[in-house]
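Residue numbers (the numbering used here): 95 to 618.
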């Protein structure tokens, strides 16, 4: 499909999709920084977790659908739709509450939740389509070095997001009088997105599918959304209010299982399913995605719980806790770029996967054994080691899957990899949050004696944050959180060990030098 494209056309297209991907990655970190101010302005403390959940539900449910559409229609058309929907959602989020309570949409906080879901509908395509289009532009033998840049995009956004979000929230009103600073957190997407759209529309080739499309299966799409939506909501519920055995939790999980079971039955019988289940017969596809499922959990396990350690054990401010994640991000950038370059130069992607996981195990072991007296700079070093280990996981597992898959199904295969990573992260975050809460429930009553430590309502993540007095957390509180978070990292080690063992069974196929078809055997 791209044999006739010049190198300049490929690089301009590549730049456009990376910019679009950067929008989605930046949005995930920049909004969380502004959320306290948003909640105060829109008077929505009771619903603030839904700002994140609405986006997550929409983006997770739509990922497989984008993959299927990419196998049926022009990649450029799908990418334009995804970016456009994301920008519309961003603009609407910035306007939430500006005109008071609206019919059907309710007050400003409810408007924001709805508009975040719209953003998520587009955001799902920003990530899925980036890897799919890279697969069109470059053959597997060259693809590693370019997919490595996707890890750099994520790492860069995780550093810039909190800094830019804080600056716009605090100083935005001075930049544009009369406009609340937090609204600029959403409006900043518009100029960047328009530039990305210009690149895509003017420079990107259509990248049409290799076969004539068959009718889209809307019933399967509805079943998939009806199953994944309640599943993600159930995983995101505040366990302090809704335990795993609560009627709402069980009802959502039961509905999800039923809808997803119908989706599988429908897909096995339909001539043009959303996800072709024959892909699971491909050993590379099945083992690599099983590893990604576990690694998605390991990644979130690091970034969610480390700031809790900083605040509740070391007594650092929220700002310094956020800054402490920068070494992790820089490690991810370095590991991703290095692994991508080395695989493109020498091949043998599997050894870099395994090497990264071993390095991640070292970093997690250091985090799991941190005493309450650990120094701030020591934690930064441990996080950098974890980042270096996590870096290769983003580009290389996807590369292995794409290399072993029929190019006619590369959209479905690629989006499936992203989907398994996201679902694994959501499940693991809930499970690890339960480990933390269970441990603190046994440790904090004694630790809280004589101090102001307590368990408040959970914030955007699954883990609670202890309130501390003016002098910071008491020694007993520090010890309680240190033990609880250490236990979380200990369980996180098991996820990585599982990923390491699974990766051992991923067949290593020669990297194709063209996009004509999978290697002999296809990894089956």
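Each residue gets a CB set at the ideal place from its N, CA and C atoms; glycine is no exception. Bear in mind the structure is a predicted one, so any value in this text is a computation, not a measurement.
In the three-state DSSP reduction, residue 266 falls in the helix class (H, G or I). In this structure, residue 151 lies away from residue 513, with their beta-carbon atoms at least 9 Å apart. Counting along the chain, no alpha helix (DSSP H) covers residue 140, and no H or E run does either. A direct Cα-to-Cα measurement between residue 528 and residue 203 gives close to 28 Å. Cβ neighbours of residue 249 within its own chain (closer than 6 Å, five residues either side excluded): 423, 426, 427. In the three-state reduction of the DSSP assignment, residue 408 falls in the coil class. By the criterion of a C-beta distance shorter than 7 Å, residue 361 is surrounded in its chain by 314, 367, 368, 369, 371, once the five residues flanking it on both sides are discounted. Distance from the CA atom of residue 115 to the CA atom of residue 511, rounded to whole angstroms, is 16 Å.
Secondary structure of residue 196 (DSSP, three-state): strand. Take the alpha-carbon of residue 155 and the one of residue 602: they are about 30 Å apart.
Between residue 359 and residue 295, the alpha-carbon positions lie close to 38 Å from each other. For residue 497, the enclosing alpha helix (DSSP H) stretches over residues 487 to 498. The three-state reading of DSSP puts residue 283 in helix, counting H, G and I together. In this model, residue 137 and residue 207 are separated by some 13 Å (Cα to Cα). With distances taken between CA atoms, residue 392 lies nearest to 519 out of 456, 430, 519.
With distances taken between CA atoms, residue 189 lies nearest to 276 out of 276, 227, 307, 353. When the Cα atoms are used, residue 301 and residue 118 turn out to be separated by approximately 22 Å.
Here the alpha carbons of residue 363 and residue 306 stand approximately 20 Å from one another. In this structure, residue 218 sits away from residue 441, with a CB-CB distance that is not shorter than 9 Å.
Residue 273 and residue 267 have their alpha carbons spaced roughly 6 Å apart. If you keep only unbroken alpha helix (DSSP H) runs of at least 4 residues inside the region 296 to 379, you get 312 to 330, 341 to 363. Under the three-pair Cβ rule at 8 Å, the region 384 to 400 does not count as touching the region 338 to 353. Cβ-Cβ distances below 7 Å link residue 258 to 124 in the same chain, with the five nearest sequence neighbours on each side left out; the list follows chain order. Residue 502 is classed as exposed because its beta carbon has fewer than 16 other beta carbons within 10 Å across all chains shown. In this structure, 111 is the residue among 111, 285, 389 with its C-alpha nearest to the C-alpha of residue 171. Between residue 210 and residue 493, the CB-CB gap reaches or exceeds 9 Å. Assignment of alpha helix (DSSP H) within the region 195 to 262, counting only whole runs of 4 or more residues, yields 202 to 231 in chain order.
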